[in-house]
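Right, one structure below, let's go through it.
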Amino acid sequence: MQPADNPDNALRISRTVPATPEAVFAYWTRAELVSAWFGAAHGLTATTCRMTPQVGGRWAITATGMEPLSRIHGAYHEVVPGKRLAFSYQIDEVMLMSIISITLKRTSGGTELQLLQTGFPDRVTLEQHALSWAQGMWLMDEIMVVTGGGIGPKWMCPEDRPLTELADDIRLVRRRFEDDMAAVSGRRPFFDWPDDYALRQ
1 MQPADNPDNA LRISRTVPAT PEAVFAYWTR AELVSAWFGA AHGLTATTCR MTPQVGGRWA
61 ITATGMEPLS RIHGAYHEVV PGKRLAFSYQ IDEVMLMSII SITLKRTSGG TELQLLQTGF
121 PDRVTLEQHA LSWAQGMWLM DEIMVVTGGG IGPKWMCPED RPLTELADDI RLVRRRFEDD
181 MAAVSGRRPF FDWPDDYALR Q
């Protein structure tokens, strides 16, 4: 069996996001937006998030709650605004090096998002990331609705709003998300979440 054919090596997620492809792309490439939802399922809070979304550009996130890990980082391999994004995803301390590709397609309900991540060393690591991505993307959806990034009469792309105002709204959604997590699980680790709550899309 080739590594690419190994079901323990490749994670595929498909979901419809209630926003335009341009808005969804922004939530994957703008540091102040990515830091609001990325890693939320782990109870992480980003302290630094740097992104240069161009081919050959780098990205890196450090956060409280991720000790003893220092950071998650990688490089961009493909960047097509509103359509496609491919980048490496590396966690040095646990020797994880994977590749993630995001494909976006406009639909009547918003945007069809296809995520493919390869390079997992085992099934356990894959399942942990599957749960983490599902929860993080759910939080992204919630942030879009509150900040006006979703579809409908209130829609506006994030860059159309003052960042201070946007940041306040994002913090409000993130706080509600963390309160919900604590209420359901009794504590923060994402492993404790019931599947029907954690994976709802």
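So for the sequence shown, the UniProt record's numbering puts the first residue at 1; every next one is plus one.
For every residue, glycine included, the Cβ atom is placed at its ideal position computed from N, Cα and C.
Checklist entry - In whole angstroms, what separates the C-alpha of Ala139 from that of Phe38? => result Walking along the sequence shown from the start, residue 139 turns up at place 139. Walking along the sequence shown from the start, residue 38 turns up at place 38. The question names Ala, but residue 139 in the sequence shown is Leu. About 9 Å.
Checklist entry - Do Arg12 and Leu116 come within 9 Å of each other at the CB atom, strictly closer than that value? => result The count along the sequence shown starts at 1 and reaches residue 116 at position 116. The count along the sequence shown starts at 1 and reaches residue 12 at position 12. Result yes, Cβ atoms of Leu116 and Arg12 sit closer than 9 Å.
Next on the checklist: Looking only at its chain, what residues have a beta carbon closer than 6 Å to the beta carbon of Thr20, apart from the 5 residues adjacent to it on each side?
Outcome noted: As a first step, residue 20 must be located in the sequence shown, where it is residue number 20. Cβ neighbours of Thr20 beyond the five flanking positions: none.
Next on the checklist: From the DSSP secondary-structure annotation, give me the bridge partner or partners of Tyr124.
Outcome noted: Position 124 of the sequence shown, counting from 1, holds the residue named residue 124. Residue identity check: residue 124 is Val in the sequence provided, not Tyr. DSSP, once it has assigned bridges, lists no residue as partnering Val124.
Checklist entry - What number of angstroms, rounded off, separates the C-alpha of Lys105 from the C-alpha of Gly82? => result The residue labelled residue 105 in the question sits at position 105 within the sequence shown. The residue labelled residue 82 in the question sits at position 82 within the sequence shown. Their backbone Cα atoms lie some 8 Å apart in a straight line.
Item to check | beta strand (DSSP E) runs wholly inside the stretch 66-101, at least 3 long, in chain order | outcome: 72-80, 84-91
Checklist entry - Nearest to Val24 by CA position, among Glu78, Ala130, Thr103, is which residue? => result Here the question's residue 24 lines up with position 24 in the sequence shown. Minimum Cα distance to Val24 is reached at Thr103.
Next on the checklist: So that I know if they touch, is there some Cβ in chain D lying closer than 9 Å to that of Glu32?
Outcome noted: In the structure shown, chain D cannot be found, because there is only a single protein chain.
Checklist entry - Does the distance from the C-beta atom of Ala75 to that of Gly57 stay below 9 Å? => result Taking the first residue of the sequence shown as position 1, residue 75 is located at position 75. Taking the first residue of the sequence shown as position 1, residue 57 is located at position 57. Yes, the Cβ-Cβ distance between Ala75 and Gly57 is below 9 Å.
Next on the checklist: Measuring straight from C-alpha to C-alpha, what distance separates Ala60 and Met95?
Outcome noted: If you number the sequence shown from 1, residue 60 lands on position 60. If you number the sequence shown from 1, residue 95 lands on position 95. Each residue's alpha carbon lies about 16 Å from the other.
Item to check | Pair within 9 Å by beta-carbon distance, Asn9 and Gly119 | outcome: For the purposes of this step, residue 9 is identified with residue 9 of the sequence shown, where counting begins at 1. For the purposes of this step, residue 119 is identified with residue 119 of the sequence shown, where counting begins at 1. For Asn9 and Gly119, yes; Cβs fall inside 9 Å.
Checklist entry - Exposed or buried, Ser108, counting other C-beta atoms within 10 Å across all chains shown (16 or more means buried)? => result Here residue 108 is taken as the residue at index 108 of the sequence shown, counted from 1. Ser108 should be labelled exposed.
Next on the checklist: Excluding the 5 residues flanking Glu159 on each side, which residues of the same chain have their C-beta closer than 6 Å to its C-beta?
Outcome noted: In the sequence shown, counting from the first residue as 1, residue 159 sits at position 159. At Glu159 the pLDDT is 49, less than 50, meaning the model places this residue with poor confidence and gives no usable figure here.
Item to check | Through-space distance from Glu142 to Ile99, alpha-carbon basis | outcome: Taking the sequence shown and counting its residues from 1, one reaches residue 99 at position 99. Taking the sequence shown and counting its residues from 1, one reaches residue 142 at position 142. Cα to Cα, Ile99 sits roughly 26 Å from Glu142.
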